[in-house]
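Step one of this worksheet: look at the structure below.
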Amino acid sequence: MRILRSKDGKVLASNFAYLSLLQIASYIFPLISIPYLARVLGVDGLGKISFAAAIIIWIQTIADWGFDMTGARNVAQTRDDRKEVSKIFSDIFWSRIFLMFCSFLVLLLLLLIVPKFRENYMVILFTFLYVPGHILFPAWFFLGLERMKYSTILNVISKLIFTAAIFIFIKDKDDYILQPVLVASGYFLSGAIALYFIFVKWKYRLYKPAFCTIISTIKGSTDVFINTLMPNLYNNLSVLLLGFFGGDTANGIYYAGRKFGQVAYSVLNTLTNVFFPYLSRKIEYHSLYAKFNLGVSSLGSLILFVFAPLLIRAFFGEGYDDAIVVLRITAFALLFTNMDSVYGQNYLIVLHHEKLLRNLTVVASVCGFVIAFPLIYYFSYIGASITYMVSSFLIGVLPMYYALKIKKQFS
7 MRILRSKDGK VLASNFAYLS LLQIASYIFP LISIPYLARV LGVDGLGKIS
57 FAAAIIIWIQ TIADWGFDMT GARNVAQTRD DRKEVSKIFS DIFWSRIFLM
107 FCSFLVLLLL LLIVPKFREN YMVILFTFLY VPGHILFPAW FFLGLERMKY
157 STILNVISKL IFTAAIFIFI KDKDDYILQP VLVASGYFLS GAIALYFIFV
207 KWKYRLYKPA FCTIISTIKG STDVFINTLM PNLYNNLSVL LLGFFGGDTA
257 NGIYYAGRKF GQVAYSVLNT LTNVFFPYLS RKIEYHSLYA KFNLGVSSLG
307 SLILFVFAPL LIRAFFGEGY DDAIVVLRIT AFALLFTNMD SVYGQNYLIV
357 LHHEKLLRNL TVVASVCGFV IAFPLIYYFS YIGASITYMV SSFLIGVLPM
407 YYALKIKKQF S
């Protein structure tokens, strides 16, 4: 109770309220648009969108390079020094631009040499627009400053506008190409307004880029980047393998089955993001935060498992019953991935144990990578679901085990 009455407690409560509003919006708008898209685009259309998104998530992860965590942490720890905060923002902004251009060149090469990529080149290129839009909207910066009010308002407005646009512009199966364009447009609109607040209202500066500084900034976040990238070995790789082995229909079923778990995780991630800058300053309150967070995620996993048939049939309609088993297999992955957030991001990274977390994530992800090929080849979307569940277990339990060992050393 002492925490809640303090100044820090009021900031936490405010940030939690705004991030909760943001996550509610992230939850409600997809629940409005997904049933419509599922019926209009069909399983194949959703599969194409999912396949393109899985490719671009790799590109976006490279452009992010772990800066969402290291940038927020560094800003939180130096937020009273305007010049230093401006330098952190500038270094990360130009580093992400540089990484985006490098990864785009690789993407163009893949579009030329991989037939499956070339077949879907248009939707992949439009989905790539997520990356510059994501860079222009620096949510990590608002989080580090603990000013989530602005981030939330901008996000909610853009989601409202572009969710409405889905119903206006997407009318038949061939319009699947418009979905990534509309989503990216929301990022660009939010990003333009966000930069106005940062540079005009709050008077932060954007310094000129220096190549040596860009390289140094990238090196400084490499361990966190590897920790973020490695789960793609079993997560988004599964979507790519399904595209090659099972086709768009299998991807559509897997997309539908995973969607509710993803939405639930984004809601629970509110607690992770709210407490990350706070725990960067006051790690002694981690145990209280961990108990609450894991309790909520356990309940969420149980709800997903029990109500899987109702959720799939209500929101996706006919043709998606096979997604029920996907949701039930992956339901408790919500708890395990949240363990990674609680003990990985909000403990090991806060205490600068990035290398330890990197090594644990590499082990878990390589295991997922190895089992993904045979499981998906022989069992399609069921194999992808099992791969995700097993890998999530490892990626959650390992950081928890080592974080608790470290805690004992200080107790």
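Residues in the sequence shown are numbered from 7 upward in steps of one, following this note's numbering. For every residue, glycine included, the Cβ atom is placed at its ideal position computed from N, Cα and C.
Given this structure, state the Cα-to-Cα distance separating residue 10 from residue 265, to the nearest angstrom. Because the pLDDT of residue 10 is 46, which lies under 50, any placement of that residue in the model is unreliable, and the number read from its coordinates should be weighed accordingly. If you take the alpha carbons of residue 10 and residue 265, they lie about 34 Å apart.
Using DSSP with H/G/I as helix, E/B as strand and the rest coil, what is residue 189? Three-state DSSP puts residue 189 in a helix.
Residue 135 in three-state terms, based on DSSP: Here residue 135 sits in coil by DSSP.
Using the Cα positions of residue 121 and residue 256, report the straight-line distance between them to the nearest angstrom. Roughly 19 Å between the two C-alpha positions.
Check whether the Cβ of residue 364 lies closer than 8 Å to any Cβ atom in chain B. Chain labels in this structure do not include chain B; a single protein chain is all it has.
If I'm right that residue 52 touches residue 258 with Cβ under 8 Å, what's the distance once you round it to whole angstroms? Indeed, because the Cβ distance is near 4 Å, the residues count as touching under 8 Å.
What is the C-beta distance between residue 2 and residue 244, in whole angstroms, given that I count them as a contact (C-beta under 8 Å)? Residue 2 falls outside the range modelled here, since the chain spans only 7 to 417, and no answer is possible.
Using the C-alpha atoms, what's the distance from residue 168 back to residue 190? The straight-line gap from Cα to Cα measures roughly 9 Å.
Looking only at its own chain, which residues have a Cβ that is under 7 Å from the Cβ of residue 7, when we skip the five neighbours before and after it? Only weak support is given to the placement of residue 7: the predicted model assigns it a pLDDT of 46, under 50, and the value that follows is read from those uncertain coordinates. Shown here for residue 7: not one same chain residue has a beta carbon closer than 7 Å to its own, the five before and five after excluded.
Using CA coordinates, which residue listed in 399, 54, 204, 213 is at the minimum distance from residue 145? Residue nearest to residue 145 within the set 399, 54, 204, 213 is 204 (criterion: CA-CA distance).
Residue range of the alpha helix (DSSP H) that residue 303 falls in? From DSSP, the alpha helix (DSSP H) with residue 303 extends over 292 to 312.
Less than 8 Å between the CB atoms is what I'm expecting for residue 285 and residue 299, so what's the real figure, rounded? The distance from the Cβ of residue 285 to that of residue 299 is about 11 Å, inconsistent with a contact at the 8 Å cut-off.
Output the boundary residues of the alpha helix (DSSP H) element that contains residue 268. Residue 268: member of the alpha helix (DSSP H) spanning 253 to 287, first to last residue.
Quick one: what does DSSP say residue 214 is sitting in, helix, strand or coil? Of the three classes helix, strand and coil, the one that applies to residue 214 here is coil, per DSSP.
Selection from 89, 159, 155, 253 that minimises the alpha carbon distance to residue 126: Considering only alpha carbons, the answer is 253.
Flag this pair as yes or no: are the beta carbons of residue 93 and residue 213 separated by less than 8 Å? Remark: C-beta atoms of residue 93 and residue 213 approach each other more closely than 8 Å.
When the Cα of residue 58 is compared with those of 83, 85, 133, 287, which residue comes out closest? The option with the nearest alpha carbon to residue 58 is 133.
Rounded to the nearest angstrom, what separates residue 273 and residue 379 at their Cα positions? One C-alpha to the other measures close to 31 Å.
Buried or exposed for residue 95, going by 16 or more other Cβ atoms inside 10 Å? Flag for residue 95 reads buried.
Buried or exposed: where does residue 70 fall if 16 or more other Cβ atoms within 10 Å of its Cβ makes it buried? Burial state of residue 70 is buried, judged by a 10 Å Cβ sphere holding 16 or more other Cβ atoms.
Candidates 231, 162, 128, 292, of which the one nearest residue 184 by Cα: Of the listed residues, the one whose Cα sits closest to residue 184 is 128.
Using 8 Å as the threshold, is the C-beta distance between residue 287 and residue 314 below it? No, they are not a contact pair.
When the Cβ atoms of the region 135 to 155 are set against those of the region 73 to 86, are three or more pairs found closer than 8 Å? The region 135 to 155 makes contact with the region 73 to 86, as at least three CB pairs between them are under 8 Å.
Can you grab the Cα-Cα spacing for the pair residue 319 / residue 118, in whole Å? Approximately 39 Å between the Cα atoms of the pair.
So, for residue 340: in the same chain, excluding its five sequence neighbours on each side, which residues have a beta-carbon less than 7 Å away from its beta-carbon? The answer, listed in chain order, is 267, 270, 271, 303, 306, 307, 310.
So which of 108, 220, 384 has the shortest CA-CA distance to residue 250? Distance from the Cα of residue 250 is smallest, within the candidate group 108, 220, 384, for 384.
Within 10 Å of its beta-carbon, does residue 222 have 16 or more other beta-carbons around it, so buried, or fewer, so exposed? It is exposed - the Cβ of residue 222 has fewer than 16 other Cβ atoms within 10 Å.
Per the contact definition of three or more C-beta pairs closer than 8 Å, is the region 391 to 410 in contact with the region 363 to 375? The region 363 to 375 and the region 391 to 410 touch, with no fewer than 3 CB-CB distances between them shorter than 8 Å.
In the DSSP assignment, find the unbroken alpha helix (DSSP H) run with residue 83 in it and report its ends. Segment 73 to 84, the alpha helix (DSSP H) holding residue 83.
Rounded C-alpha distance that separates residue 321 from residue 328: Taking the Cα positions, residue 321 is about 14 Å away from residue 328.
Close beta carbons around residue 141, own chain, < 6 Å, minus the five adjacent residues each side: So the list reads 102, once near-sequence residues are dropped.
Looking at C-alpha atoms only, which residue of 332, 353, 56 is the closest neighbour of residue 395? Nearest to residue 395 by C-alpha distance, out of 332, 353, 56, is 332.
What does a CB cutoff of less than 8 Å around residue 124 pick up in its chain, not counting 5 residues either side in sequence? If we look at residue 124 and ignore the five residues flanking it on each side, its Cβ neighbours are 117, 118.
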